[in-house]
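Presented below is the structure to which this report refers.
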Amino acid sequence: MMRQYHRLKLSGYTVPQIIALTASVGTNKKNAFDHLVHVCANLDCLEICAIGKGVEEDELRNSTNTPLSDTILSVPKEISDPIVKALKDDVMKAIASRLGYDISMMDNQKLETFLAVEHDNACKKNDRDAIIGCDYLKKFHRFLIYYDDLPLVECIQWLIEGLKESTAGNPTQFDKFCRIKSDEFLKFVTIQISNSIEVKAKLKKLVEMIIYLHTGNCRGLVLVRTKFHAVSLETFLNKHSDLKKRQIFAGHLTGQGSAEELSLPGNQQSKVLDEFRKGTKQLLVATDVAQEGLDVAECSYVIRYEFVSNEIGTVQSRGRARASQSKCFLITEALSLNYQRETDNRLKEEDMKQAITEWREKGIQEFRTLVQKEQTDLLKNLSTNGPQPTALGASQPNKETAKTIHCRFCDTFLCRGSSLRLQGTTIVCLDPAFEKLVNPPKSAGEKVVCPNRTCHRELGAVILLSRNAPGYALQISSLKFFIGNEMLPRLFKKWSQYQGYMQPL
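Start counting the sequence shown at 1; every next residue gets the next number (UniProt numbering).
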């Protein structure tokens with residue numbers, strides 16, 4: 001957005017004055033003062049106003065409650081888990097071995113990156129077995145990440161639903177092998193559940209802290225990393241007998257999006273927040289959508305459950321604890337990556353404070369000179385590397401439009417790039433040939449799947465256009481694009497990365 005702002009300003013367009021408000025400017029992994037200069041240059045801002053020491057600080061403290069403490073609660077890492085061992089050793093290694101992969105020494109981050117790259121390569125080469133194998137391995141890997149934090153019952157239900165999506169109508173031999181290994185694992189888990197699985201230490205700590213902190217008419221906020229964490233923890237907490245006895249009821253809050261992504265539309269978000277404010281739900285489990293801007297006066301504690309973002313997030317999360325005598329906590333495994341990140345964030349927080357001190361010491365004129373120098377470098381880079389400026393709202397040139405679009409998983413031809421249309425922010429396929437090929441359902445919200453029976457993967461969903469005519473909203477993660485004379489297809493993670501022209505509806 002700011003690149004467009006600066007290009008328009010350089011071209012003589014009238015641009016708005018920017019006033020930026022923040023509780024913390026961050027460090028962006030560099031010297032905090034240098035980052036402050038860069039932010040001001042980017043925002044075209046030569047002046048800073050900050051709360052002064054003395055009277056202004058006292059006035060702020062008297063008008064706004066701040067938490068008494070922000071404590072890291074570390075729990076010991078579980079040494080071994082039979083479910084994790086069975087999945088890694090008996091299932092994942094067996095599938096990986098069939099594909100020629102050695103994943104035995106990969107940590108979570110390396111494995112996630114490796115599988116993403118191998119899956120993309122397999123889609124480009126139309127290597128059906130590698131596509132199937134990577135898909136299974138990605139789901140098992142995601143299950144392990146969820147299960148590290150969340151109750152087994154919710155995690156295994158997610159895995160069962162996810163594996164259903166991978167089921168083809170006419171499976172290959174390798175697909176059958178993967179299914180057999182999956183079924184063996186699910187049977188093993190069923191036996192483990194029947195023998196009563198011990199609740200994880202970090203989940204016990206979460207319940208313990210809620211019971212300890214929750215008094216009277218207070219509210220509590222639990223911040224988590226993903227939408228699935230929010231939904232799963234809400235279910236777990238509402239089933240917990242000790243919380244039921246205390247009449248502590250939880251709701252969950254996630255960002256907007258599709259229901260399949262566990263998102264909440266705006267009207268449901270408003271309903272959940274209203275219940276939280278009124279006290280119908282005294283506990284809110286939320287993703288980072290609530291980390292900034294949530295203002296409930298009765299909120300007396302904030303618990304970040306295995307959720308650490310950056311130094312800005314650390315500061316902003318405290319601002320959600322609005323009640324007098326409020327407290328903040330982070331629950332994480334001892335010596336984990338999150339523990340280290342939080343330790344680093346608190347050091348960076350001190351750096352941010354020092355940056356404001358340095359700004360005061362330099363004075364208005366010297367700081368302005370530094371910002372202007374930084375802005376000169378920024379604009380020079382824009383003028384040499386960026387595209388020619390255009391007025392906001394001007395029509396865009398016809399960029400590379402895909403000749404053909406295929407199923408990412410089996411290479412089945414679906415439609416031409418010229419048949420894509422823009423319905424607001426939704427990408428819709430309007431092509432009688434696509435409709436004839438796929439034979440999709442007509443009811444809004446129903447899934448559109450690949451016509452290849454050996455694949456049958458989800459491509460998107462039916463939406464209703466004007467006069468209730470059906471349209472087909474395609475999800476880009478299920479597609480691959482053949483552009484120009486390129487022999488290999490291109491894969492995109494989101495529609496904003498696709499640069500082809502799409503006619504608005």
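Beta carbons are placed, not taken as given, at the ideal position from N, Cα and C, and that holds for glycine.
Report the three-state DSSP secondary structure of Phe140 (helix, strand or coil).
Here Phe140 sits in helix by DSSP.
What are the boundary residues of the beta strand (DSSP E) that Glu333 is part of?
Counting along the chain, the unbroken beta strand (DSSP E) around Glu333 starts and ends at Lys327 to Glu333.
With a 10 Å radius around its C-beta and 16 neighbouring C-beta atoms as the bar for buried, classify Leu370 as buried or exposed.
Buried.
For the beta strand (DSSP E) that contains Cys299, what are its first and last residues?
Residues Cys299 to Tyr305.
Given that a residue counts as buried once 16 or more other Cβ atoms are within 10 Å of its Cβ, and exposed if not, what is Ile51?
It is exposed - the Cβ of Ile51 has fewer than 16 other Cβ atoms within 10 Å.
Straight-line CA distance for Met106 to Ile145?
Between Met106 and Ile145, the C-alpha separation is close to 14 Å.
Have a look at Leu206 and Ser443 and give me their C-alpha separation to the nearest angstrom.
Computed Cα separation, rounded: 43 Å.
Below 8 Å between beta carbons: does that hold for Asp288 and Ser309?
In this structure, Ser309 lies closer than 8 Å to Asp288 by Cβ.
Bridge partners of Ala461, per DSSP?
Ala461 is bridged by DSSP to Lys447 and Ala473.
Could you check whether Val25 and Leu36 sit closer than 8 Å to each other, using their CB atoms as the reference points?
Cβ distance < 8 Å, so Leu36 and Val25 count as in contact.
6 Å CB neighbourhood of Thr66 in its chain, flanking five on each side removed:
Nothing listed; no residue qualifies.
Identity of the residue in Ser317, Pro441 and Leu488 nearest Pro470 by Cα:
Shortest Cα-Cα distance from Pro470 to any of Ser317, Pro441 and Leu488 involves Pro441.
Here's a check: name, in chain order, each residue in its chain whose Cβ is nearer than 8 Å to the Cβ of Glu342, leaving out the five neighbours to either side.
The beta carbon of Glu342 is closer than 8 Å to those of Ile72, Val308, Thr314, Leu330 and Thr332 in its chain, skipping five residues each way along the sequence.
Of the listed residues Lys245, Val75, Tyr147 and Gly445, nearest to Leu335 (C-alpha basis):
The residue among Lys245, Val75, Tyr147 and Gly445 with its C-alpha nearest the C-alpha of Leu335 is Val75.
For the stretch 210–284, which segments carrying the alpha helix (DSSP H) assignment without a break, of at least 4 residues, lie completely within its bounds, in sequence order?
Whole alpha helix (DSSP H) segments, 4+ residues: 227–239, 241–245 and 266–278.
Contact check, Ala250 vs Lys281, beta carbons under 8 Å:
A contact, by the Cβ cut-off of 8 Å.
Distance check for Gly220 and His214, CA to CA, integer angstroms please.
Taking the straight line joining both Cα atoms gives about 7 Å.
CA-to-CA distance, Leu159 to Lys139, given in whole angstroms:
Lys139 and Leu159 have their C-alpha atoms roughly 7 Å apart.
Taking contact to mean at least 3 C-beta pairs separated by less than 8 Å, is the stretch 493–502 in contact with the stretch 472–483?
Contact holds between the stretch 493–502 and the stretch 472–483, because three or more Cβ pairs, one in each stretch, are under 8 Å apart.
When burial is assigned at 16 or more other CB atoms within 10 Å of the CB, is Glu260 buried or exposed?
In this predicted model, Glu260 has a pLDDT of only 49, less than 50, meaning its place in the structure is not dependable; the value taken from the coordinates is given anyway. Counting Cβ neighbours within 10 Å, Glu260 comes out exposed, since fewer than 16 surround it.
Hey, out of Thr404, Asn468 and Gln365, whose CA is closest to Glu47's CA?
The option with the nearest alpha carbon to Glu47 is Gln365.
When you compare each of Ile156, Ser166 and Ala201 to Ile191 by their alpha carbons, which one comes out closest?
Measuring C-alpha to C-alpha distances from Ile191 to each of Ile156, Ser166 and Ala201 identifies Ile156 as the nearest.
I need the straight-line Cα distance from Asn62 to Val224, nearest angstrom please.
C-alpha separation (whole angstroms): 30 Å.
Looking only at C-alpha atoms, which of Ile312, Leu422 and Arg320 sits nearest to Asp344?
The residue with the shortest Cα to Cα distance from Asp344 is Ile312.
Taking C-alpha atoms, which residue in Lys436, Asp377, Val222 and Glu78 lies nearest to Ile210?
Closest option to Ile210, Cα to Cα, is Val222.
So, using beta-carbon positions, are Ile483 and Ala402 closer together than 8 Å?
Yes, these two residues count as a Cβ contact at 8 Å.
Quick one: give me the first and last residue of the beta strand (DSSP E) that Lys85 is part of.
From DSSP, Lys85 is part of no beta strand (DSSP E) but of the alpha helix (DSSP H) over Pro82 to Ala86.
Mind reading off the beta-carbon distance from residue 508 to Cys328? Whole number of angstroms is fine, and I expect it under 8 Å.
Nothing about residue 508 can be reported from this structure: the residues present for the chain run from 1 to 505 only.
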